[in-house]
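Residue numbers (the numbering used here), protein chains in the order written: chain A, 337 to 704; chain B, 15 to 324.
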């Protein structure tokens with residue numbers, strides 16, 4: 337009997353220890369409206385595909401949400417880690433029922449759920465990120481992240497010694513392919529001998545798999561790693577192997593200070609303010625917004641001291657040309673992997689063509 | 015492919031195989047006591063999150079490791095209570111433990127997603143040994159947890175096959191009534207090894223969150239617990255064969271990206287399927303009547319022991 341009591345006690349203590357270790361205080365996402373508040377705040381809802389602490393895609397959107405709260409008198413709510421699919425429809429309905437007037441759906445896979453729920457709530461405005469379906473109360477928005485990606489390619493092109501750059505990519509879809517192509521064009525604009533090796537992970541968010549994919553590229557001779565992934569895993573792999581890295585989504589310097597060069601980053605805040613303002617003023621219209629560096633919705637994170645002076649100068653120059661519109665990333669001549677001319681000298685790819693990218697430019701090693 | 019490329023791949027294979035190896039060694043101890051615990055995946059996840067949170071809060075990966083073992087062991091005791099004391103179905107209880115562990119770890123780990131670990135396990139080369147040609151880079155340039163797994167394999171083999179408590183363990187697993195009659199405390203033996211099995215599974219999970227990734231992500235074991243369960247059958251309940259098996263299955267795990275880099279397009283889904291396919295094959299071979307090789311588990315596996323029926 338005694339022994340049994342001891343065992344039960346030990347078990348209890350262990351369970352308690354476990355529970356306590358998981359009980360650090362959590363910040364409440366949105367405080368409830370105070371009773372004394374005089375005017376009613378407009379409510380804005382956000383639905384995220386990942387956790388807000390991911391240091392990547394969702395983190396960037398959440399930074400935008402916080403920016404919105406600071407700059408406008410609104411009340412925001414967010415629901416994180418919502419899988420794309422049937423769950424999304426339920427969560428969107430819930431947000432609409434709770435009285436949110438504007439709902440930002442921040443992942444491609446929310447497209448059909450948004451359209452379905454929008455039909456049931458004609459008074460609510462839905463903004464869907466990265467999709468292509470619109471309705472009277474559904475608009476889409478996205479950023480030309482390929483512009484800063486091109487610039488980050490210049491940094492990588494100068495940095496590589498082995499002329500092999502690794503690129504850890506999520507899914508073979510036009511958005512990712514466009515990014516790889518822009519990056520490669522940037523690399524080869526300053527280093528025509530360099531090639532970009534691509535490995536697909538088939539996941540947006542998996543630190544272990546992303547890191548392992550980066551390691552496989554480093555083993556194959558890459559000395560700079562770029563990524564279209566949502567965790568700093570590839571950055572850490574590069575640092576461990578003494579290579580360099582280009583991040584994505586947010587400034588990832590803190591995760592790999594000895595490897596990190598720069599990152600194409602999102603800056604959603606000002607755009608969110610603009611959209612909510614236009615709704616408040618009644619000037620909002622359904623549109624397909626695709627902003628670039630000139631609109632400040634995308635940018636290149638500050639270049640670290642690991643970037644060569646020469647590269648810094650070249651990047652700054654090109655950045656100005658992109659902002660004032662004299663330089664276009666996808667302007668011919670552009671050849672594909674087989675060396676066939678796809679975009680003729682002087683021609684520019686249209687937005688529609690860019691949104692349907694299904695081929696790699698010359699210099700990319702990998703298959704779609 | 016030159017020899018350095020081979021050593022790099024073998025070295026990565028060992029890293030990928032290590033979490034599976036820990037969990038499989040644990041499951042061998044558990045099953046040798048006659049208890050089947052299908053909760054490995056859940057125990058690994060709880061171990062991973064407990065280890066990670068402790069390491070973040072205390073700054074010490076070693077404390078994280080201890081916490082992971084205790085957490086995994088505690089989870090296993092739940093199964094032990096149901097399977098040994100209440101004599102419920104071990105299959106149902108184990109499955110419940112996996113589902114419970116998946117949910118619990120996700121719940122506890124929510125606020126640790128995206129948190130970076132200041133002091134993970136880092137790679138330490140073993141002096142002298144690390145400079146051996148070929149063997150050095152493959153075996154002796156890893157982190158402390160890999161070396162622990164190297165040591166555990168012979169230790170557990172020796173324990174099971176050459177020590178008195180180990181022989182008692184085997185006796186309990188084969189025939190608990192006979193063991194009981196010989197004066198072995200069946201329940202204590204079973205509880206102890208169920209706990210040890212859980213602790214090792216927790217260690218396997220902690221390897222992912224403290225050394226491999228190192229970070230916490232919901233469901234980060236991604237089926238490795240199930241591979242470990244399958245591996246125990248594949249390895250015929252033998253720690254040495256489990257070592258070999260873990261590296262084979264770990265190798266399949268890392269092969270996907272390497273083949274992509276080499277330009278060989280094998281769908282990653284196909285490679286993910288192979289460990290289970292191998293296990294099915296082993297089961298088919300081992301249960302066929304013509305098989306001369308004895309490939310069966312401990313005699314009393316999954317059978318609850320009723321002392322009164324003796």
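Glycine included, each C-beta is placed from N, C-alpha and C at the ideal position.
Remember, predicted model here, so these are calculated numbers, not experimental data.
With DSSP as the reference, please indicate the residues paired to residue i in a beta bridge.
i, result
"residue 528 of chain A", "None; residue 528 of chain A has no bridge partner."
"residue 635 of chain A", "A:601"
"residue 500 of chain A", "A:531"
"residue 414 of chain A", "A:382"
"residue 581 of chain A", "A:561, A:596"
"residue 83 of chain B", "Answer is none; residue 83 of chain B lacks a bridge partner."
"residue 627 of chain A", "A:479"
"residue 464 of chain A", "A:441, A:476"
"residue 684 of chain A", "A:667"
Taking the alpha helix (DSSP H) that residue i belongs to, which residues open and close that run?
i, result
"residue 169 of chain B", "158-176"
"residue 432 of chain A", "422-433"
"residue 650 of chain A", "645-659"
"residue 372 of chain B", "Look at the range of chain B in this structure, 15 to 324, and you will see that residue 372 of chain B is not part of it."
"residue 588 of chain A", "Counting along the chain, residue 588 of chain A falls outside any alpha helix (DSSP H), and DSSP gives it neither H nor E."
"residue 449 of chain A", "447-456"
"residue 316 of chain B", "Taken as a continuous stretch (DSSP letters only), residue 316 of chain B belongs to no alpha helix (DSSP H), as it is neither H nor E."
"residue 219 of chain B", "200-221"
"residue 272 of chain B", "253-275"
"residue 575 of chain A", "569-576"
"residue 470 of chain A", "Per DSSP, residue 470 of chain A belongs to no alpha helix (DSSP H) and is neither H nor E."
"residue 292 of chain B", "282-301"
Below 8 Å on C-beta distance, what does residue i contact in chain B?
i, result
"residue 555 of chain A", "19, 22, 23, 26, 272, 275"
"residue 703 of chain A", "277, 279"
Looking at the unbroken beta strand (DSSP E) that takes in residue i, where does it start and where does it end?
i, result
"residue 677 of chain A", "677-679"
"residue 476 of chain A", "474-479"
"residue 441 of chain A", "438-441"
"residue 137 of chain B", "137-139"
Take the Cβ of residue i as the centre, count every other Cβ of all protein chains shown within 10 Å, and call the residue buried at 16 or more, exposed below.
i, result
"residue 175 of chain B", "exposed"
"residue 18 of chain B", "exposed"
"residue 327 of chain B", "Because chain B in this structure spans residues 15 to 324, residue 327 of chain B falls outside the shown range and cannot be described."
"residue 148 of chain B", "exposed"
"residue 618 of chain A", "exposed"
"residue 100 of chain B", "exposed"
"residue 688 of chain A", "exposed"
"residue 284 of chain B", "exposed"
"residue 426 of chain A", "exposed"
"residue 364 of chain A", "At residue 364 of chain A, the pLDDT of 43 sits below 50, so the modelled position is not reliable; the number obtained from the coordinates is stated separately. When all chains shown are included, residue 364 of chain A counts as exposed."
"residue 698 of chain A", "buried"
"residue 387 of chain A", "buried"
"residue 145 of chain B", "exposed"
"residue 27 of chain B", "buried"
"residue 585 of chain A", "buried"
"residue 379 of chain A", "buried"
"residue 385 of chain A", "buried"
"residue 199 of chain B", "exposed"
So which residues of chain B does residue i contact, with C-beta pairs closer than 7 Å?
i, result
"residue 552 of chain A", "271, 272, 275"
"residue 573 of chain A", "Near residue 573 of chain A there are no residues of chain B at all, since even the closest Cβ is about 11 Å away, more than 7 Å."
"residue 458 of chain A", "Those do not exist, as residue 458 of chain A stays about 35 Å from chain B at its closest Cβ, beyond 7 Å."
"residue 547 of chain A", "227"
"residue 391 of chain A", "128"
"residue 387 of chain A", "127, 128"
Find the residues of chain A that neighbour residue i, judging by a C-beta separation of less than 8 Å, and give them in chain order.
i, result
"residue 222 of chain B", "544"
"residue 98 of chain B", "The premise fails here: residue 98 of chain B is roughly 12 Å from chain A at the closest Cβ pair, so nothing lies under 8 Å."
"residue 333 of chain B", "Residue 333 of chain B lies beyond the residue range present for chain B, which begins at 15 and ends at 324; the question has no answer from this structure."
Counting only Cβ pairs nearer than 7 Å, list the residues of chain A close to residue i.
i, result
"residue 234 of chain B", "544"
"residue 217 of chain B", "Ordered by position in chain A, no residue passes the 7 Å Cβ test against residue 217 of chain B, which lies about 15 Å from the chain."
Cβ-based contacts, 8 Å cut-off: residues of the segment 154-171 of chain B near chain A: none
Cβ-based contacts, 9 Å cut-off: residues of the segment 511-544 of chain A near chain B: Residues of the segment 511-544 of chain A that bring their beta carbon within less than 9 Å of a beta carbon in chain B comprise 533, 534, 535, 536, 537, 538, 541, 542, 543, 544, in sequence order.
Interface positions of the segment 586-616 of chain A facing chain B (Cβ-Cβ less than 8 Å), listed along the chain: 590, 591
Contact residues within the segment 280-292 of chain B, judged by C-beta distance below 7 Å to chain A: 282
Chain-ordered residues of the segment 70-86 of chain B with a beta carbon less than 9 Å from chain A: Listed by position, the residues of the segment 70-86 of chain B near chain A (Cβ gap below 9 Å) are 71, 81, 84, 85.
Members of the segment 254-269 of chain B that neighbour chain A once the beta carbon cut-off is set at 7 Å: 268
Near-chain A residues of the segment 31-54 of chain B - C-beta to any C-beta below 9 Å: The residues in question: there are none.
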